[in-house]
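First comes the structure, then the notes that go with it.
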RNA sequence: GGCGGCAUGGCCAAGUGGUAAGGCAGAGGAUUGCAAAUCCUUUACCCCCAGUUCGAAUCUGGGUGCCGCCUCCA
């Protein structure tokens, strides 16, 4: 088997074969940095992060590719200007603030940083050159300081989105009222360069001061970073038209070559059946969600439990379910580090955790080899992360049970000590999905029984209270016993009653 | 109106011709004085109708419902 991806250009799954045998070039449409990112952005970048990790994974069907992943920041835009005006800031200040917030949020979600992250402001020469080239070739025309792309001149316009210029023209005929519309030869013509209005920030150009249109930024940045034809172009499904259609038109008019061989689009995040978006005001920012106590890995799991092309409804119930699911998976992932000593494991303990690329391929026991193959088959089938996660959960089940029993002081059986391979595989495959036990989780579990620096109560004090409760229980004074238990609970100490009257306490 | 997509158990969600992964919730059991936590076990004939087929959730046609794009948008 080999990787197959749904290409929006053909609307079908195609076998993935990069231009170069071992290298893959990817361009992902980034954000316009006028505000914080919300869960729609989180989903998009999580799924593309998984694509990237999978391509780089040595265990993948075609072997590890060398990926160059480019993602832009749109830092010239009307919305940024509006935001700057509202807040009395310069455009750059708004951009910088949101770019640093972007990194903070995406780093938290364990999304690998792109190899290059060009900004529109850093690519103005390339943008102006490209526009001039298009104008020279007759694909664009200038009008009163604006420059427009002439869609009728570009054969194949509409091939990505399935749009027909003639039909659409009729539907749009009532919309030519504004001055901008008046300058266009065709309603679908779009601005490559917008002349500046008085007082607006602007950049010089052969057509007068102004700023670039949104679509041309991406065309120029792709060309600058990756060349005329790239392997994969990524983005949200809402970008298919007009953004990606226009990008294709511009780039292909200039180069005469295909812009991208595979176009992949992720489905939207919905709220109550409607798309989450700034304009509808129904969005939750990544930051707000994480600050509310939701773990980054919970969000990651929530996103990856659905196929990337389908709409995903965001609900608190769904998130809770993912949180509980992650709790179990996380326990299994952490068991190897947390209990390495008592299990006699540890060969690969540190290295595999959180790394993008797992341990090199090797011989696995039959059962694990089957799991690994199933995982790979699922991922090969258009990144079926939901099915891949199913494999992860099955792999994790006995490890989770082991972790939970060790946590309350049980001793591992012979069979359980022999599960190191299973654990190593789980960590490797989870890593392909960018899932890793969080540091806090590992530490909390490791420090659970012996640590005495966190809580206000010392171990000795706690043990004394546990003894008191034991005595109360023996005297059948359950009211006192329960009161002691509640007091400890309030201090963050959980009691676990085990068979034989033994009580274990854990710092929650 | 045009283009595209979706419809699987209480919820989420895999599965594209041979008798339904996984997660959450629920139920039963173990443990417990009770509870919590934990462990084990367990719950579906796949929106409707017609058709193709030995056989369909899975293919075809029709219907119904929902969503996205057609303006900025991941």
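Numbering (this note's numbering), first residue to last: 9 to 516. Note that CB positions come from ideal geometry on N, CA and C, so glycine has one too. This structure is a prediction, so every number in the text was calculated from the model and none was measured.
Item                                                                                                                         : Value
Per-residue DSSP class, three states only, for residue 108                                                                   : helix
Same chain, Cβ closer than 8 angstroms to residue 459, neighbours up to 5 away in sequence not counted                       : Confidence in residue 459 is poor, its pLDDT being 45 and thus under 50, which makes the residue's placement unreliable; the coordinate value appears in the next sentence. Cβ neighbours of residue 459 beyond the five flanking positions: 515.
Nearest-angstrom Cα separation, counted from residue 383 out to residue 13                                                   : 16 angstroms
Where residue 91 falls, given that 16 or more other Cβ within 10 Å makes a residue buried                                    : buried
Backbone CA spacing between residue 446 and residue 328 [nearest angstrom]                                                   : 18 angstroms
Backbone CA spacing between residue 296 and residue 304 [nearest angstrom]                                                   : 12 angstroms
Cβ distance (whole Å) where residue 88 is taken to contact residue 102 below 8 angstroms                                     : 5 angstroms
Delimiting residues of the alpha helix (DSSP H) encompassing residue 62                                                      : 47-64
Distance between residue 334 and residue 513 (C-alpha atoms, nearest Å)                                                      : 23 angstroms
Three-way DSSP call (helix, strand, coil) for residue 124 in this model                                                      : strand
For residue 370, three-class secondary structure by DSSP                                                                     : coil
Identified DSSP bridge partners for residue 199                                                                              : 156
Nearest-angstrom beta carbon gap, residue 126 and residue 258 [assumed within contact, 8 angstroms]                          : The pair is not a contact, with the Cβ atoms about 16 angstroms apart (cut-off 8 angstroms).
Candidates 15, 10, 9, 11, of which the one nearest residue 317 by Cα                                                         : 15
Residue 285 - DSSP class collapsed to helix/strand/coil                                                                      : coil
For residue 469 and residue 499, the rounded distance between their alpha carbons                                            : 12 angstroms
Same chain only: Cβ atoms within 7 angstroms of residue 450, ignoring 5 sequence neighbours per side                         : Its pLDDT being 48, under 50, residue 450 is placed unreliably in this model, and the value from its coordinates should be taken loosely. Answer for residue 450: 342, 345, 346, listed in chain order.
Through-space distance from residue 11 to residue 22, alpha-carbon basis                                                     : 8 angstroms
Under the three-state DSSP convention, the category residue 144 falls into                                                   : helix
Entirely enclosed alpha helix (DSSP H) segments - the segment 304-345, minimum 4 residues                                    : 304-312
As assigned by DSSP and simplified to three states, the class of residue 220                                                 : strand
DSSP-derived helix/strand/coil call for residue 361                                                                          : Confidence at residue 361 is low in this model, with a pLDDT of 45, below 50, so its placement is unreliable and the value that follows should be read with caution. DSSP places residue 361 in coil when its eight states are reduced to three.
Close beta carbons around residue 448, own chain, < 8 angstroms, minus the five adjacent residues each side                  : Below a pLDDT of 50, predicted positions are generally treated as unreliable, and residue 448, at 49, falls in that range; the measurement from the model is reported next regardless. Cβ within range, chain order: n/a, list empty.
Cβ neighbours of residue 282 in the same chain (closer than 8 angstroms, five flanking residues each side left out)          : 288, 290
Own chain partners of residue 557 with C-beta closer than 8 angstroms, once the 5 adjacent residues on each side are dropped : The question about residue 557 has no answer here: the residues shown for the chain are numbered 9 through 516.
Cα-Cα separation between residue 280 and residue 324, rounded to whole angstroms                                             : 11 angstroms
Beta-carbon separation (whole angstroms), residue 200 vs residue 241, contact threshold 8 angstroms                          : That pair is no contact at about 19 angstroms.
The segment 206-214 in contact with the segment 46-65 per 3-pair CB rule at 8 angstroms                                      : no
The segment 22-37 / the segment 240-254 touching (three or more Cβ pairs under 8 angstroms)                                  : yes
Identity of the residue in 128, 159, 422, 150 nearest residue 224 by Cα                                                      : 128
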